[in-house]
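A.B. asks:
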Amino acid sequence: MGASTIPATNGAPITSWVQLATSSPTSGATVSFTSLSSYKQYRVVMSNVGVNTGNPTLSMTLNNTASNYSYALPFYNQASSLYQNVGINNSSSININAGTTFNTSYYGFTSEIVIDFSNQSTPKSIRYSMASSTIATNSYVDAWAIWNNTATVDRIDFSLSSNSFASGTITVFGSN
Amino acid sequence: MPKIIIVDCSTGEEIVREMNAEELATYETIQKEALADQPTSEEI
Numbered sequence: 140m141g142a143s144t145i146p147a148t149n150g151a152p153i154t155s156w157v158q159l160a161t162s163s164p165t166s167g168a169t170v171s172f173t174s175l176s177s178y179k180q181y182r183v184v185m186s187n188v189g190v191n192t193g194n195p196t197l198s199m200t201l202n203n204t205a206s207n208y209s210y211a212l213p214f215y216n217q218a219s220s221l222y223q224n225v226g227i228n229n230s231s232s233i234n235i236n237a238g239t240t241f242n243t244s245y246y247g248f249t250s251e252i253v254i255d256f257s258n259q260s261t262p263k264s265i266r267y268s269m270a271s272s273t274i275a276t277n278s279y280v281d282a283w284a285i286w287n288n289t290a291t292v293d294r295i296d297f298s299l300s301s302n303s304f305a306s307g308t309i310t311v312f313g314s315n
Numbered sequence: 645m646p647k648i649i650i651v652d653c654s655t656g657e658e659i660v661r662e663m664n665a666e667e668l669a670t671y672e673t674i675q676k677e678a679l680a681d682q683p684t685s686e687e688i
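These protein sequence lines are chains A and B, in that order.
Counting in my numbering, the first sequence runs from 140 upward without gaps.
Counting in my numbering, the second sequence runs from 645 upward without gaps.
1. Where does A:S155 fall in DSSP's three states?
2. Who are the near neighbours of A:S230 in its chain, counting only those whose CB is closer than 6 Å to its CB and skipping five residues on each side?
3. Quick check: what's the CA-CA separation for A:Q158 versus A:V225?
4. Report yes if the CB atom of A:V184 is closer than 7 Å to the CB atom of A:T310, and no otherwise.
5. Residues in the region 288-313 of chain A with C-beta within 7 Å of chain B's C-beta atoms, listed in sequence order?
6. Take A:D293 as the anchor and find which of A:Q259, A:Y210, A:I235, A:S166 has the nearest alpha-carbon.
7. Going along the chain, which residues of its own chain have a beta-carbon closer than 6 Å to the beta-carbon of A:I265, five neighbours each way excluded?
8. Quick one: is A:S300 buried, meaning 16 or more other Cβ sit within 10 Å of its Cβ, or exposed?
9. Nearest CA to the CA of B:I674: which residue from A:S155, A:L175, A:T204?
10. Here's a check: name, in chain order, each residue in its chain whose Cβ is nearer than 6 Å to the Cβ of A:I233, leaving out the five neighbours to either side.
11. Would you mind stating whether A:E251 and A:S268 have Cβ atoms separated by less than 7 Å?
12. Have a look at A:M140 and A:N216 and give me their C-alpha separation to the nearest angstrom.
13. Which residues bound the beta strand (DSSP E) around A:E251?
14. Assuming A:F312 contacts A:V170 (C-beta within less than 8 Å), just tell me the rounded distance between them.
15. Does any C-beta atom of chain A lie closer than 7 Å to the C-beta of B:L679?
16. Would you say A:N191 faces chain B, with C-beta separation under 7 Å as the test?
17. Does B:A689 come out as helix, strand or coil in the three-state DSSP assignment?
18. Determine, using beta carbons only, whether B:T684 comes closer than 7 Å to chain A.
In structure tokens form, the structure reads like this:
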């Protein structure tokens, strides 16, 4: 039996992913990855991303378009020991950290996002997960989303509802 | 004017600048919705 490759979240072999860009934002309300070159799948990895103050929402949009996103978002907040499901239709963006704490008292925000069918004239399928933590409190999200748009994805934006990015890294990979 | 970090994936170049009108319109739309939909502590 020959060597095998480990499948990534969406089934593409990990060895096929190409790293396209990395950003370590310490300012700005939005980080935008532009000039994407028609990969079928994109994978975004956020590591220890933090904000300068407050507890903003982190949203993702594609192609600088604020419409036609839908998502199902189960999340768990350990501080209140409650689990909640949220379903959103026809939103202006995809909420990455809904219901979870994301502020300066936390160690940071870790997330993986996979966007599939990016270069095809079909709606885009998206899966994402995240975790944020203090010593005493943890929050988790594991979610699925659709962008109901047939355009090729050429840009991925991450925006805070208030305040600025302060730390961490965001890396984008592509795969066909 | 909010700042945006632009990362060009074809060159790796990164710049910080003010949002242009199109970016600002998108930002204000999602900001408004995010603030309206932000769960309260009771909902969490």
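Glycine included, every Cβ here is placed at the ideal spot set by N, Cα and C.
The model shown is predicted, which means the values in this text are computed figures rather than measured ones.
C.D. replies: Short version:
1. Translated into the one-based positions of the first sequence, residue 155 of chain A becomes position 16. Judged by DSSP in its simplified three-state form, A:S155 adopts helix.
2. The residue you call residue 230 of chain A lines up with position 91 of the first sequence. Take A:S230, set aside five residues on each side of it, and the residues of its chain with a beta-carbon closer than 6 Å to its own are Y208, in chain order.
3. Locating residue 158 of chain A in the first sequence gives position 19, where the first residue counts as 1. Locating residue 225 of chain A in the first sequence gives position 86, where the first residue counts as 1. Going from the Cα of A:Q158 to the Cα of A:V225 covers about 32 Å.
4. Mapped onto the first sequence, residue 184 of chain A falls at position 45. Mapped onto the first sequence, residue 310 of chain A falls at position 171. Judged by their CB atoms, A:V184 and A:T310 are nearer to each other than the 7 Å cut-off.
5. Listed in sequence order: S298, S300, V311.
6. Position 154 of the first sequence, counting from 1, holds the residue named residue 293 of chain A. For the residues A:Q259, A:Y210, A:I235, A:S166, the minimum Cα distance to A:D293 belongs to A:Q259.
7. Mapped onto the first sequence, residue 265 of chain A falls at position 126. In chain order, I254, A284 place their CB closer than 6 Å to the CB of A:I265, counting only its own chain and leaving out the 5 sequence neighbours on each side.
8. As a working mapping, residue 300 of chain A is identified with position 161 in the first sequence. It is buried - the Cβ of A:S300 has at least 16 other Cβ atoms within 10 Å.
9. As a working note, residue 674 of chain B is residue 30 in the second sequence. Taking each of A:S155, A:L175, A:T204 in turn and checking the Cα distance to B:I674, the smallest one comes out for A:T204.
10. Against the first sequence, residue 233 of chain A aligns to sequence position 94. If we look at A:I233 and ignore the five residues flanking it on each side, its Cβ neighbours are M199, Y208, Y210, A284.
11. Indexing the first sequence from 1 puts residue 251 of chain A at position 112. Indexing the first sequence from 1 puts residue 268 of chain A at position 129. Going by C-beta atoms, A:E251 is nearer than 7 Å to A:S268.
12. The residue labelled residue 140 of chain A in the question sits at position 1 within the first sequence. The residue labelled residue 216 of chain A in the question sits at position 77 within the first sequence. Note on A:M140: pLDDT 43, under 50, position unreliable in the model; the coordinate value appears next. Distance between the alpha carbons of A:M140 and A:N216: 44 Å.
13. Walking along the first sequence from the start, residue 251 of chain A turns up at place 112. From DSSP, the beta strand (DSSP E) with A:E251 extends over 248-255.
14. As a position in the first sequence, residue 312 of chain A is number 173, starting the count at 1. As a position in the first sequence, residue 170 of chain A is number 31, starting the count at 1. Contact doesn't hold; Cβ gap of about 16 Å is too wide.
15. Sequence index remark: in the second sequence, residue 679 of chain B carries index 35 (1-based). Any Cβ of chain A closer than 7 Å to the Cβ of B:L679 would place that residue at the interface, and such an atom is present.
16. Residue numbering aside, residue 191 of chain A sits at position 52 when the first sequence is read from its first letter. Nearest CB-CB separation between A:N191 and chain B: not below the 7 Å threshold.
17. Here chain B comprises residues numbered 645 to 688, so residue 689 of chain B is not present and cannot be evaluated.
18. As a working mapping, residue 684 of chain B is identified with position 40 in the second sequence. Note that B:T684 has pLDDT 43, beneath the 50 cutoff, so the model's placement of it is unreliable and no number is given.
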